[in-house]
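Q: Same order as they appear, the protein sequences are chains A and B. Be aware that the first sequence starts at 1, since it is given in the numbering used here, and climbs by one per residue. Be aware that the second sequence starts at 1001, since it is given in the numbering used here, and climbs by one per residue.
2 protein chains.
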Amino acid sequence: MNPYSSKLLENAVNELASLPGIGKKTALRLALHLLHEDMENVETFGQAIIQMRRNIRFCKVCHNISDKETCEICSNPKREQNVICVVEDVRDVMAIESTNQFKGLYHVLNGIISPIDGISPEDLTIGSLVEKVASGKTTEIILALPATIEGDTTNFYIYKKLRPYKVLITTISRGVAIGDELEYTDEITLGRSILNRTLYQGS
Amino acid sequence: MNPYSSKLLENAVNELASLPGIGKKTALRLALHLLHEDMENVETFGQAIIQMRRNIRFCKVCHNISDKETCEICSNPKREQNVICVVEDVRDVMAIESTNQFKGLYHVLNGIISPIDGISPEDLTIGSLVEKVASGKTTEIILALPATIEGDTTNFYIYKKLRPYKVLITTISRGVAIGDELEYTDEITLGRSILNRTLYQGS
Chain A
1 MNPYSSKLLE NAVNELASLP GIGKKTALRL ALHLLHEDME NVETFGQAII
51 QMRRNIRFCK VCHNISDKET CEICSNPKRE QNVICVVEDV RDVMAIESTN
101 QFKGLYHVLN GIISPIDGIS PEDLTIGSLV EKVASGKTTE IILALPATIE
151 GDTTNFYIYK KLRPYKVLIT TISRGVAIGD ELEYTDEITL GRSILNRTLY
201 QGS
Chain B
1001 MNPYSSKLLE NAVNELASLP GIGKKTALRL ALHLLHEDME NVETFGQAII
1051 QMRRNIRFCK VCHNISDKET CEICSNPKRE QNVICVVEDV RDVMAIESTN
1101 QFKGLYHVLN GIISPIDGIS PEDLTIGSLV EKVASGKTTE IILALPATIE
1151 GDTTNFYIYK KLRPYKVLIT TISRGVAIGD ELEYTDEITL GRSILNRTLY
1201 QGS
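1) Please classify B:Val1133: does DSSP put it in a helix, a strand, or coil?
2) Three-state secondary structure (DSSP) at B:Leu1016?
3) Examine chain B for any beta-carbon lying closer than 7 Å to the beta-carbon of A:Lys68, and answer yes or no.
4) Classify B:Gly1046: buried if its beta carbon has 16 or more other beta carbons within 10 angstroms, exposed otherwise.
5) Starting from A:Ser6, find everything on chain B with Cβ-Cβ shorter than 7 Å and list it in chain order.
6) With DSSP as the reference, please indicate the residues paired to A:Thr170 in a beta bridge.
7) Could you tell me whether the Cβ atoms of A:Val86 and A:Val133 are closer together than 7 Å?
8) With distances taken from CA atoms, which of A:Arg197, A:Thr198, A:Thr154, A:Glu80 is nearest A:Gln101?
9) What are the start and end residues of the alpha helix (DSSP H) that includes A:Val83?
10) What residues in the segment 78-90 of chain A bring their beta carbon closer than 8 Å to a beta carbon of chain B?
11) Do B:Ile1119 and B:Leu1105 come within 7 Å of each other at the CB atom, strictly closer than that value?
12) Measuring straight from C-alpha to C-alpha, what distance separates A:Cys62 and B:Glu1043?
13) In whole angstroms, what is the alpha-carbon distance linking B:Asn1055 and A:Glu10?
14) Taking A:Pro164 as the reference, which of A:Asp89, A:Ser135, A:Lys68, A:Glu40 has the closest Cα?
15) Using the three-state DSSP reduction, which class does B:Val1108 fall into: helix, strand or coil?
16) Quick check: what's the CA-CA separation for A:Pro146 versus A:Asn155?
17) So the alpha helix (DSSP H) A:Gly151 belongs to, where does it begin and stop?
18) Per DSSP, what kind of secondary structure is B:Ser1120 in: helix, strand or coil?
19) Which residues, in chain order, does the segment 1160-1185 of chain B contribute to contact with chain A at a C-beta distance below 9 Å?
20) Is B:Glu1150 closer than 7 Å to B:Ser1114 when the C-beta atoms are compared?
21) Going by other Cβ atoms of all chains shown within 10 Å of its Cβ, with 16 needed for buried, is B:Asp1117 buried or exposed?
22) Beta carbon of B:Thr1099, beta carbon of B:Leu1109: below 7 Å?
23) Taking the continuous alpha helix (DSSP H) assigned at A:Ser193, which residues delimit it?
24) Apply the 10 Å Cβ neighbour rule to B:Ile1172 and answer buried if 16 or more other Cβ atoms are within range, or exposed otherwise.
25) For a minimum of 4 consecutive residues, which ranges assigned as the alpha helix (DSSP H) are wholly contained in the segment 1034-1101 of chain B?
26) Would B:Ala1144 and A:Met52 be called neighbours here (beta carbons separated by less than 7 Å)?
27) Is it the case that the Cβ atoms of A:Asp67 and B:Lys1007 are separated by a distance below 7 Å?
28) State the Cα-Cα distance for the pair A:Ala48 and B:Ile1073, rounded to the nearest angstrom.
29) Take B:Ala1031 as the anchor and find which of A:Glu37, A:Asp123, A:Ile50, A:Leu182 has the nearest alpha-carbon.
30) Is any beta-carbon of chain B found at less than 7 Å from that of A:Ile116?
31) Excluding the five sequence neighbours on either side, which residues of its own chain have a C-beta within less than 6 Å of the C-beta of A:His107, listed in chain order?
32) Going straight from the alpha carbon of A:His33 to that of B:Asn1064, what length do you get?
33) For chain A, is any of its Cβ atoms less than 7 Å away from the one on B:Leu1034?
34) Find the nearest neighbour of B:Arg1174 within the set B:Cys1071, B:Ser1193, B:Glu1183, B:Ile1158, judged by alpha-carbon distance.
35) Below 9 Å between beta carbons is the criterion; list the residues of the segment 1095-1120 of chain B that meet it against any residue of chain A, in chain order.
This is the structure we're talking about:
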């Protein structure tokens, strides 16, 4: 006997359980929740996901997610056109945008080099970044990739590719987070924060 | 500016975040995962949920989820037709079925009485349970509802409704779970396990 009492329920549970971080028990809870929602809401739910996958576009300049051919950031003349911040994915663009500290453009790699996960440089948008820099309008590339082996590898790969061009390559600063206690900070971060100390500027 | 860079992404994130226990950050992670899946898989995902909601049926006898008019349990002549186990929802049927200890029938209430959540006896399938008992074929009702105030209220409500009929009303046993240590068991459970002690039967 089918433990789900219904093939339709079983299918829905299996599909929900295919999402990352969602197990069978959670998937069943979500499926039963959807089963007790209005038909109209469930239709909207399913269609929103299908429509997203079917119709979403990626900005042809920075590869960020976009509804138009060129995203709002790339097509905004008020942004500094000569500074490009390189990030792993669209979530990082959202995170940096929410700081209101960056007025330049982005370049979304759609991943980082990771031999374990089978992601090689060709799978990323590094080629289009090099082309952009080669065209000569860029004066600074800010590398804002994760501080992991994969992030460091990707940083170094991009650095080697961009070395022939006259462009400043910087990385975001690493150090003790604001609000964190020194005694609970890991040694590598604390050590880096001393090496990369900045001039105290009074108030 | 839309922080999601795309209305389509925003819609999908909002829909996913409407699921219980899923916040905006998780919803975004799930949406980006789906965005990098094959179109075909995402279509299957959305359709599985819509089809489940549209076509699923409830057994007209026990109100369990079913693909047919009468569920596999109710239509199985090998099950004991005179014992009915009353449960809150379909998950409890699955849990009890997986023990292989129960050969009777079920009655799914689709909830329990909970004034705080606005769930009154009329919202549940208690009426159809009473009809079933009134028809005279049932000799025992096993109440397997949660040991909460709502569960106790529902137990008592059903008990009052079924008192006029000649039917044995039992509840599942409560006690120290197998594998649990006495010192970590809460006082109420431990107290109940002493009050409701059973005869030691040797091997």
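Positions of the beta carbon are idealized from the N, C-alpha and C atoms, including for glycine.
A: Working from what's here:
1) B:Val1133 falls in the helix class under three-state DSSP.
2) Secondary structure at B:Leu1016: helix, using DSSP grouped into helix, strand and coil.
3) no
4) Label assigned to B:Gly1046: buried.
5) Ile1056, Ile1065, Ser1066, Asp1067
6) Answer is A:Ile142.
7) no
8) A:Glu80
9) Here A:Val83 belongs to no alpha helix (DSSP H); instead the beta strand (DSSP E) covers 83-87.
10) Listed by position, the residues of the segment 78-90 of chain A near chain B (Cβ gap below 8 Å) are Asp89, Val90.
11) no
12) 27 Å
13) 13 Å
14) A:Ser135
15) strand
16) 9 Å
17) 149-162
18) coil
19) none
20) yes
21) exposed
22) For B:Thr1099 and B:Leu1109, no; Cβs fall outside 7 Å.
23) It spans 187-195 - the alpha helix (DSSP H) in which A:Ser193 sits, taken as one unbroken run.
24) exposed
25) 1039-1055, 1090-1097
26) no
27) yes
28) 36 Å
29) A:Ile50
30) Not an interface residue.
31) Cys62, Ile84, Val86, Leu129
32) Spanning the two alpha carbons is a distance of roughly 15 Å.
33) yes
34) In terms of Cα proximity to B:Arg1174, the closest of B:Cys1071, B:Ser1193, B:Glu1183, B:Ile1158 is B:Ser1193.
35) Glu1097, Ser1098, Asn1110: these are the residues of the segment 1095-1120 of chain B whose beta carbon lies less than 9 Å from some beta carbon of chain A, given in chain order.
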